[in-house]
Amino acid sequence: MSTVWSWFGAWESAPRVWMRNGVSARIRRVTHFRKRRAMSLSEFQPAFVTIESHGDAIVARFTRSQLSEEDNIEQMAHELVTLIDHYQCQRLAISMDIVEFITSAALGKLIMIHRKLHRRDGRMVVCDVKGSVAEVMKTSRLNEYFTIAPDTQGAIGLLTAS
């Protein structure tokens, strides 16, 4: 019995041949398609953010003080998109309490996350913004675009009030 790989996975041809309208054909069956078990939010282990659940609201805290390297930014965005797509997050607070430096590429990813949530009738609040990150947001006028809270509790309050 031979195994044939296709776009859909491994197919294994059956040992018997059957006839249809005088033409022989092999019976094939899919040998392994596994259903993935849905992960709970407590099992989600992101590398660039820590996750805290507060009822309907989720707080994502960055674990890096500098959001500057392209690989880190892509991974960070992937983890936040996973929260939205896989876990159906509608209310997201992003805490920047340890972030000291942020690039325009990282700000672009935050804008992308904000738009993704907005299209799904969700909300995003950025909180704990201070120092040079606050200056960058003020200079780029993103403090007018994002809803900004002074601390995490204020962000949770804004998210649960709506």
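Each residue of the sequence shown is one higher than the last, beginning at -16 in our numbering. Don't be surprised by glycine CBs; every beta carbon is placed ideally from N, CA and C.
query	result
Closest residue to residue 98 among 86, 118, 67 (Cα-Cα distance)	67
8 Å Cβ cutoff met for residue 109 and residue 79	yes
When 39, 94, 105, 76 are compared against residue 127, the one with the closest alpha-carbon	94
Where residue 92 falls, given that 16 or more other Cβ within 10 Å makes a residue buried	buried
8 Å Cβ cutoff met for residue 90 and residue 43	no
Buried/exposed call for residue 143, threshold 16 Cβ in 10 Å	exposed
Cβ-based burial, residue 122 [other Cβ within 10 Å; buried from 16]	exposed
Alpha carbon of residue 77 to alpha carbon of residue 131, nearest angstrom	10 Å
Beta-carbon spacing of residue 58, residue 30 below 8 Å	yes
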